[in-house]
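Report on the following structure.
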Amino acid sequence: MARQRRSASETRNGANQASSEQIPEPADHPASDAPEGRPRGAGSKPAAGLYLVATPIGNLRDITLRALDVLAGADLVACEDTRVTGKLMRLLGIKAKLTPYHDHNADKVRPALIGKLKTGAVVALASDAGTPLVSDPGFRLVRACIDEGIMVTTLPGPSAALAGLQLSGLPADRFLFAGFLPSKGAGRRAVLKELESSPATLVFFESPNRVADTLGDMATVLGNRDAAVARELTKLHEEVVRAPLFDLANRFSLVQPRGEMVIVVAPPGDGEAIGPDELEARLRGAIAEGASVKDASALVAAETGHPKREVYALALRLFRGGNEE
Ligand code: SAM
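In terms of the working numbering, the sequence shown is numbered consecutively and its last residue is 497.
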């Protein structure tokens with residue numbers, strides 16, 4: 173299901189902060205678990221604390237062995253939507269006590285969760301799908317645990333952001349996860365402007381009904397960089413479309429794609445360079461379709477991300493012998 177951008181209350185996007193703190197090793201889940209088999213702690217109760225449990229983003233078999241252990245052994249599973257996580261538990265054959273923890277009740281529920289954790293409870297935090305805290309609730313709960321000296325650890329697993337990045341074919345050595353952009357054009361373009369000079373591959377979440385507009389704004393603000401739209405990852409209809417931003421915007425404005433998607437955009441200077449020949453071809457195409465020199469210039473500037481003035485100057489040279497109107 174497509175999701176809206178979340179409020180900043182619990183769900184925060186952005187760079188992770190490294191911490192020098194050592195995470196205490198849960199007694200039943202030592203780091204030396206045998207890689208070939210089930211962890212030694214399987215079936216026994218995990219140590220008290222908060223466990224951030226990643227869950228599948230489409231393929232049930234992406235659940236990890238550690239996730240099964242902790243979900244089965246937890247006193248309480250805090251989750252965004254108890255119906256969604258309840259269904260997952262049934263599919264996994266796990267009986268767990270679920271409690272809702274989402275942006276709208278987090279401030280109210282958090283003190284009670286911290287209270288339980290302080291008395292030695294094992295609490296798992298799960299999102300509807302994927303990795304908790306990544307455009308999902310949990311950041312403030314983790315912060316509260318750190319402040320209270322409560323053990324908090326992670327059970328890594330699926331995340332749409334990393335899966336999309338992997339399949340984009342774009343550099344993955346340096347990336348910036350930007351979560352959901354604002355839904356309105358002006359706000360969206362303002363955030364894109366902030367990201368424009370970042371020397372990193374950009375990773376975004378987006379909903380199907382906004383993807384064409386968002387790709388259009390990306391092409392305008394960031395230029396016609398190489399990009400990818402990764403859809404329905406790990407599901408039956410997984411699809412990755414790789415093309416320059418303008419072509420992607422065109423494609424998805426003709427047919428609105430379905431399902432969940434990640435947009436990945438190349439760093440500046442890494443995408444397709446649109447040279448004068450390509451600009452000329454696009455201008456000639458627009459003029460042949462009946463556009464005025466001015467309109468053709470505006471269109472090609474928007475398509476390619478080239479400054480309007482430069483495109484207009486080229487159009488004047490081509491079609492008017494360089495004379496301004
Ligand atoms: N925390 C989750 C994670 O780590 O994957 C992401 C939660 S966010 C609220 C949901 C967004 O992730 C969707 O709107 C979509 O942009 C993206 N997403 C989730 N599952 C996906 C999938 N299977 N394929 C592509 N994108 C997906």
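Glycine included, C-beta positions come from ideal geometry on N, C-alpha and C. Since we're looking at a predicted model, the values are computed, not measured.
Residues bridged to residue i [DSSP beta-bridge criterion]
| i | result |
| --- | --- |
| residue 487 | DSSP, once it has assigned bridges, lists no residue as partnering residue 487. |
Residue interval of the alpha helix (DSSP H) (run including residue i)
| i | result |
| --- | --- |
| residue 271 | Unbroken run through residue 271 is the beta strand (DSSP E), 270-272; no alpha helix (DSSP H). |
| residue 252 | Per DSSP, residue 252 belongs to no alpha helix (DSSP H) and is neither H nor E. |
| residue 367 | 357-367 |
| residue 449 | 448-460 |
Opening and closing residue of the beta strand (DSSP E) in which residue i lies
| i | result |
| --- | --- |
| residue 221 | 221-225 |
Residue i, DSSP secondary structure in three states
| i | result |
| --- | --- |
| residue 246 | coil |
| residue 469 | helix |
| residue 493 | coil |
| residue 258 | helix |
| residue 241 | helix |
| residue 283 | helix |
| residue 234 | helix |
| residue 443 | Since pLDDT at residue 443 reaches only 46, below the 50 mark, its modelled position is unreliable, and no value is offered. |
| residue 474 | helix |
| residue 267 | coil |
| residue 278 | helix |
| residue 217 | coil |
| residue 195 | Reliability fails at residue 195, whose pLDDT of 34 lies under 50, so the model's placement of it is uncertain and the value that follows must be treated cautiously. It is coil, neither helix nor strand. |
ask   = Along the chain, which unbroken stretches of the alpha helix (DSSP H) at least 4 residues long are found entirely within the region 288-352?
value = If only uninterrupted alpha helix (DSSP H) runs of at least 4 residues are considered, those enclosed by the region 288-352 are 311-320 and 332-340.
request  = Return the chain-ordered ranges of every beta strand (DSSP E) run that is complete within the region 370-440 and spans a minimum of 3 residues.
outcome  = Unbroken beta strand (DSSP E) stretches of 3 residues or longer found wholly inside the region 370-440: 373-378, 398-403, 411-416 and 433-437, given in chain order.
query = With a cut-off of 8 Å, do at least 3 Cβ pairs link the region 351-365 to the region 254-271?
reply = The region 351-365 vs the region 254-271: no contact.
query = Would you call the region 432-441 and the region 342-356 touching, i.e. three or more CB-CB distances under 8 Å?
reply = Under the three-pair Cβ rule at 8 Å, the region 432-441 counts as touching the region 342-356.
query = Can you find at least 3 beta carbon pairs, one from the region 231-238 and one from the region 304-316, that sit closer than 8 Å?
reply = They do not touch, by the three-pair rule.
ask   = Pairing CB atoms from the region 320-331 with CB atoms from the region 222-231, are three or more of them under 8 Å?
value = Verdict: yes, contact present.
query = Are three or more beta carbon pairs between the region 369-376 and the region 294-309 nearer than 8 Å?
reply = Taking 8 Å as the limit for Cβ pairs, the verdict is that the region 294-309 does not touch the region 369-376.
At least 3 beta-carbon pairs within less than 8 Å: the region 405-412 vs the region 457-475 = The way I'd put it, the region 405-412 doesn't touch the region 457-475; fewer than three beta-carbon pairs between them come closer than 8 Å.
key: Cβ pair count under 8 Å reaching 3, the region 239-255 against the region 295-303   = The region 239-255, when compared against the region 295-303, does touch it at the 8 Å Cβ threshold.
key: At least three beta-carbon pairs within less than 8 Å, the region 376-396 to the region 465-472   = Contact between the region 376-396 and the region 465-472 is absent, because fewer than three Cβ pairs lie under 8 Å.
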